[in-house]
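Colleague:
Protein chains: 2
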Amino acid sequence: MTQLESARSGHITDEMKQVAEAEGICADYLRQQIAQGRVVIPKNTQRSFAARGIGKGLRTKVNANIGTSPSRHEIEEELAKLDAAVCAGADAVMDLSTGGDLDSILKKILERSGVMIGTVPVYKAVSRMITADKACPDLSADDIFYEIEAQCRAGVDFITVHCGITIETMRVLKECSRIMGMVSRGGSLMAEWISKNRAENPLYEKYDRLLEIARAYDVTLSLGDGLRPGTIFDAHDRAQISELVVLGELAQKARNAGVQVMIEGPGHVPLSRIAYDMRLQQRLCGEAPYYVLGPLPTDIAAGHDHIAGAVGGAIAAANGADFLCYVTPAEHLTLPGPKEVREGVIASKIAAHIGDLEKGINTALQRDKKMAEARAGFDWKAMFEQAIDQDKARAMRTQSADKDRDVCTMCGDFCALKTYARATKKNK
Amino acid sequence: MTQLESARSGHITDEMKQVAEAEGICADYLRQQIAQGRVVIPKNTQRSFAARGIGKGLRTKVNANIGTSPSRHEIEEELAKLDAAVCAGADAVMDLSTGGDLDSILKKILERSGVMIGTVPVYKAVSRMITADKACPDLSADDIFYEIEAQCRAGVDFITVHCGITIETMRVLKECSRIMGMVSRGGSLMAEWISKNRAENPLYEKYDRLLEIARAYDVTLSLGDGLRPGTIFDAHDRAQISELVVLGELAQKARNAGVQVMIEGPGHVPLSRIAYDMRLQQRLCGEAPYYVLGPLPTDIAAGHDHIAGAVGGAIAAANGADFLCYVTPAEHLTLPGPKEVREGVIASKIAAHIGDLEKGINTALQRDKKMAEARAGFDWKAMFEQAIDQDKARAMRTQSADKDRDVCTMCGDFCALKTYARATKKNK
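Just so you know, the sequences run in chain order A and B. Numbering of the first sequence is given in my numbering, commencing with residue 56 and proceeding in unit increments. Numbering of the second sequence is given in my numbering, commencing with residue 56 and proceeding in unit increments.
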């Protein structure tokens, strides 16, 4: 039975107990949320690690994308990126490799990872074609499902499947005057497949077959947003929304089949429309967990897109996004290395935490409160313990000229807290 | 005549022409905004540099705080920080030095700077006391005004004055159960002065004298928020709002006297209350330009407070903040060096730009559009030209394995734009 089926049958699984304890909530309440499809626990039946939940009432989770590219594919670097992501606090890692020995890379990542692992199976299916001097449209439907099943058997916990790229949504896209067309790798591959084969997307047409595979391993489906905007000017056009409608229908079908499902979201969105995007997804997709990439509220932060992503991610999380896919400083420029992975995860953790304060997550509120009390009491040890990035906070303080005093080097004897303490003391 | 007096008399000054041209707006429209006190042009009558405006209808501006501390005061490092700030795009720099030869430091900064310079005059007045083995409460009202006039004569363009710390607002503060008390350096010094001398704040009681000095040099008053919250839990309490009411009254008096004025704001504010804070300030202060510090929507981002500050700053700017004071990664830990100054300015520039997109600033919208078009056309040169941090974007691309190809190393041959182009081509 999948987590969803167990929840519906009234059974609280070990994974639900782990998640409930980690989140500080009642296990039966969690079970109800899972039963309604508002929370998922992505964990392949073959894998063993501390389960984490994604969805309503839970802490906002963070994903880090790693993976090789055709021109850069060292397995050691990918493992270093995995370690950097997990060490910085990532709740999930996606292996999006498109270069090198893909089977071996995924196997090593699965072996090493203590967090949930996601993939986009079509990447590997297409890579096999390219190696054989063929292209994506040469894949048969069987080839695609074969690859999906192989990755589920290998142990992945969630997979991105671009089921919403259909003959109809592609038709809608062609009527939209987008600047950027399609910016989803997996989505554009399915678009090419449809176009070349003049046939419907197998992931849509044979969706039941996909559900069977996912159910067998309790792999969570992450319905990819192939039509996400690639610039704020393309956001929320008819193409994007028509795909979201399809994803909402498919999410309902997945739940009916006992398969856990979440929805992927943008992308590039103007600031004031981010909250609206969250509300629309909740309504159209029956509150299925929402997994957003960024969002980026500007297109010109290249080299610092993790900061633009933190702005969008904080607002998204505050308005209901459940799962943030990080953006690194390398986005739009090059493949991130371990340093950029770390920076990306930290920025997303900050955004997720800001969202959690607005969601009223008790542990988040307590953590901020402890930080404020530590500051008021000049308790540097306690400050470091509460910081999202303890290592960096400690390192900056250690370099400081006043590291052995209670004040910081910013104000020294001009410390406002001390001055105000003198002011109130004298008045007694 | 001050810029405000000129504007009211119907005269368009050279500074107004410069600002109108830089912003791409009509000079007479700008003059009207200045006449109403909705825009200021901080520029001392003694100084010569390209004037910039702050306020409604203009691009959101960014300030970088630099300055020595008692335990770290090398003039060369301050000049390096000034250069780093201006090079990264700061529109203003505040010299908040509290250690070393303060007169000489300010003089050198004024000589070198091509942007407006602000100070907090009470810091230097108190530093003189400390050198003489005395303390802030030993200052006479004359000492304080003497220092203010000296700095105006030296050429500063705007000064922070904590006029809203009064016997009454301090009384209100004592009835509030704050975790952090006071976190404003200048504010806490005035609190100590009031408490020790059992007398009213001279900056409040003798406000007319302050106005006379400011008017003589057309120095813009920046009314400091001494009661800004130091944690999200202290935000928007009666102390903060009672001070804002006083600042609104004083802003009106300044305008009546022909003196340009802006209002300083928080600080630490929960995400969902940032927009509300902007609206309240606009209402209480007659739409005087609002100069906010951050705001920081979480307390636990130590080491990365520039990212938390960008989140808050973007929302603040989108909702009407006119001037963002940066926060650096060193905030709450140590004094920033040139590297942290640069990172802080870039993060604030991103926030300001995101705000400008929401404000409908045409140049901001055009810049994002050019970036999207450059990406769609694989025009790397044009992408770098539009990036907020051209140097970093270019450097990351240069390290990339695919730097001589049109694609990036992230996707390589899996580029979605190219795949989609193939998909649509085949269909013709």
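Just so you know, even glycine gets a beta-carbon here, dropped at the ideal spot from N, CA and C.
(1) Using 8 Å as the Cβ pair cut-off and three pairs as the minimum, do the region 138-148 of chain A and the region 381-400 of chain A touch?
(2) Is the Cβ-Cβ distance between P97 of chain A and D212 of chain A less than 8 Å?
(3) Tell me the rounded alpha-carbon separation between D434 of chain A and E428 of chain A.
(4) Which full runs of the beta strand (DSSP E) of 3+ residues lie inside the region 159-229 of chain B, going along the chain?
(5) Select from the region 438-455 of chain A all residues with a C-beta closer than 7 Å to any C-beta belonging to chain B, and list them in chain order.
(6) Would you list, in chain order, the members of the region 254-269 of chain A that have their beta-carbon closer than 9 Å to a beta-carbon of chain B?
(7) On the three-state DSSP scale, how would you describe K480 of chain A?
(8) Which partner residues of K116 of chain A appear in the DSSP bridge assignment?
(9) What are the start and end residues of each continuous beta strand (DSSP E) run of 3 or more residues lying completely inside the region 340-377 of chain B, in chain order?
(10) Which residues in the same chain have their Cβ closer than 8 Å to the Cβ of R63 of chain B, if we skip the five residues on either side of it in sequence?
(11) Can you have a look at E423 of chain B and say buried or exposed, based on whether 16 or more other CB atoms are within 10 angstroms of its CB?
(12) Determine the closest residue to L390 of chain A out of A:E133, A:R93 and A:G79, with distance taken between C-alpha atoms.
(13) Residues of the region 81-103 of chain A with a CB closer than 9 Å to any CB of chain B: list them in chain order, please.
(14) R338 of chain B: buried (16+ other C-beta within 10 angstroms of its C-beta) or exposed?
(15) Judging by CA-CA distance, which residue of B:A442, B:M465 and B:G375 is the nearest neighbour of A541 of chain B?
(16) Alpha carbon to alpha carbon, what distance is there between R208 of chain A and D198 of chain A?
(17) Let's test the definition: count the other Cβ atoms within 10 Å of the Cβ of S182 of chain B and tell me whether it reaches 16, buried, or not, exposed.
(18) Does the CB of D457 of chain A have a neighbour CB from chain B at under 8 Å?
(19) Taking contact to mean 3 or more Cβ pairs, one atom from each stretch, closer than 8 Å, check whether the region 163-178 of chain B and the region 237-244 of chain B are in contact.
(20) Leaving out five residues on either side along the sequence, give the residues of the same chain with a beta carbon under 7 Å from the beta carbon of R477 of chain B.
(21) For P384 of chain A versus A371 of chain A, is the C-beta distance shorter than 8 Å?
(22) Which residues does DSSP pair with A147 of chain A in a beta bridge?
(23) Looking only at C-alpha atoms, which of A:S103, A:G108, A:G112 and A:D158 sits nearest to I485 of chain A?
(24) Under 8 Å between the Cβ atoms of A369 of chain B and V366 of chain A?
(25) Would you mind working out which of A:G467, A:A119 and A:Q87 sits nearest H387 of chain B, comparing C-alpha positions?
(26) What is the DSSP secondary structure of E319 of chain A, counted as helix, strand or coil?
(27) Out of curiosity, what's the CA-to-CA distance linking K72 of chain B and G320 of chain A?
(28) Could you tell me whether any Cβ in chain B is nearer than 8 Å to the Cβ of C218 of chain A?
(29) Buried or exposed: where does G236 of chain B fall if 16 or more other Cβ atoms within 10 Å of its Cβ makes it buried?
(30) Closer than 8 Å by C-beta to G65 of chain B: which residues in its own chain qualify, once you throw out the five before and the five after it? Chain order, please.
(31) May I have the straight-line CA-CA distance separating F378 of chain A from S195 of chain B, to the nearest angstrom?
(32) Going along chain A in order, which residues have a C-beta closer than 9 Å to the C-beta of Y381 of chain B?
(33) Any contact of the region 228-235 of chain A with the region 256-275 of chain A, i.e. 3+ C-beta pairs under 8 Å?
(34) When we look at the beta-carbon of S61 of chain B and count the other beta-carbons within 10 Å, is it buried (16 or more) or exposed?
(35) Can you confirm whether N482 of chain B, when its beta carbon is compared against all beta carbons of chain A, has any partner nearer than 8 Å?
(36) Is the shortest distance between the beta-carbon of I296 of chain A and the beta-carbons of chain B less than 8 Å?
Modeller: Result, derived from the coordinates:
(1) yes
(2) Here the question's residue 97 of chain A lines up with position 42 in the first sequence. Here the question's residue 212 of chain A lines up with position 157 in the first sequence. Their beta carbons are under 8 Å apart, which means P97 of chain A touches D212 of chain A by this criterion.
(3) Along the first sequence, one-based indexing puts residue 434 of chain A at 379. Along the first sequence, one-based indexing puts residue 428 of chain A at 373. So the two alpha carbons sit approximately 8 Å from each other.
(4) Listed in chain order, the complete beta strand (DSSP E) runs (minimum 3 residues) inside the region 159-229 of chain B are 171-174 and 213-216.
(5) Taking a C-beta cut-off of 7 Å against chain B, the contacting residues of the region 438-455 of chain A are M438, Q441, A442, I443, D444, K447, A448, M451, R452, Q454 and S455, listed in chain order.
(6) Going along the region 254-269 of chain A in chain order, one finds no residue with a Cβ nearer than 9 Å to chain B.
(7) Translated into the one-based positions of the first sequence, residue 480 of chain A becomes position 425. Reduced to three states, the DSSP call for K480 of chain A is helix.
(8) Here residue 116 of chain A is taken as the residue at index 61 of the first sequence, counted from 1. Per DSSP, A:F378.
(9) 345-348
(10) Along the second sequence, read from residue 1 onward, the residue named residue 63 of chain B stands at position 8. Cβ neighbours of R63 of chain B beyond the five flanking positions: A90 and G313.
(11) The residue you call residue 423 of chain B lines up with position 368 of the second sequence. In the sequence as displayed, the identity of residue 423 of chain B is Asp instead of Glu. Burial call: buried.
(12) On the first sequence, position 335 is the one that residue 390 of chain A refers to. Distance from the Cα of L390 of chain A is smallest, within the candidate group A:E133, A:R93 and A:G79, for A:E133.
(13) none
(14) Here residue 338 of chain B is taken as the residue at index 283 of the second sequence, counted from 1. With fewer than 16 other Cβ atoms within 10 Å, it is exposed.
(15) Nothing can be reported for residue 541 of chain B, as the shown portion of chain B is limited to 56 through 483.
(16) If you number the first sequence from 1, residue 198 of chain A lands on position 143. If you number the first sequence from 1, residue 208 of chain A lands on position 153. Straight-line Cα distance between these residues: approximately 15 Å.
(17) Here residue 182 of chain B refers to the residue found at position 127 when the second sequence is read from its first residue. When all chains shown are included, S182 of chain B counts as buried.
(18) As a first step, residue 457 of chain A must be located in the first sequence, where it is residue number 402. Yes - at least one Cβ of chain B is within 8 Å of the one on D457 of chain A.
(19) A contact is defined here as three or more CB-CB pairs under 8 Å, and the region 163-178 of chain B meets this definition with respect to the region 237-244 of chain B.
(20) Translated into positions along the second sequence, residue 477 of chain B becomes position 422. So no residue of the chain qualifies.
(21) One-based indexing of the first sequence puts residue 384 of chain A at position 329. One-based indexing of the first sequence puts residue 371 of chain A at position 316. For P384 of chain A and A371 of chain A, no; Cβs fall outside 8 Å.
(22) As a working note, residue 147 of chain A is residue 92 in the first sequence. A147 of chain A is bridged to A:N118 and A:M171.
(23) No answer is possible for residue 485 of chain A: it lies beyond the span of chain A, which begins at 56 and ends at 483.
(24) Along the second sequence, read from residue 1 onward, the residue named residue 369 of chain B stands at position 314. Along the first sequence, read from residue 1 onward, the residue named residue 366 of chain A stands at position 311. Contact flag set, yes.
(25) The sequence position of residue 387 of chain B within the second sequence is 332, counting from 1. Nearest of A:G467, A:A119 and A:Q87 to H387 of chain B, Cα basis: A:G467.
(26) Position 264 of the first sequence holds residue 319 of chain A. Reduced to three states, the DSSP call for E319 of chain A is strand.
(27) Along the second sequence, one-based indexing puts residue 72 of chain B at 17. Along the first sequence, one-based indexing puts residue 320 of chain A at 265. Approximately 45 Å between the Cα atoms of the pair.
(28) Translated into positions along the first sequence, residue 218 of chain A becomes position 163. Not one chain B Cβ lies under 8 Å of C218 of chain A.
(29) Counting from 1 along the second sequence, the entry for residue 236 of chain B is found at position 181. By the neighbour-count rule (16 or more Cβ atoms within 10 Å), G236 of chain B is buried.
(30) Start at 1 with the first residue of the second sequence, and residue 65 of chain B comes out as number 10. R86, listed in sequence order.
(31) Working through the first sequence from its first residue, we reach residue 378 of chain A at position 323. Working through the second sequence from its first residue, we reach residue 195 of chain B at position 140. Near 57 Å, if we compare the C-alpha coordinates of S195 of chain B and F378 of chain A.
(32) The residue given as residue 381 of chain B occupies position 326 in the second sequence. Within chain A, no residue comes near Y381 of chain B; the closest Cβ sits about 12 Å away, beyond 9 Å.
(33) no
(34) The sequence position of residue 61 of chain B within the second sequence is 6, counting from 1. By the 10 Å Cβ count, S61 of chain B comes out buried.
(35) Your numbering for residue 482 of chain B matches position 427 in the second sequence. In this predicted model, N482 of chain B has a pLDDT of only 48, less than 50, meaning its place in the structure is not dependable; the value taken from the coordinates is given anyway. Chain A, which has a Cβ nearer than 8 Å to the Cβ of N482 of chain B, makes this yes.
(36) Walking along the first sequence from the start, residue 296 of chain A turns up at place 241. Taking Cβ atoms only, chain B never reaches closer than 8 Å to I296 of chain A, which makes this a no.
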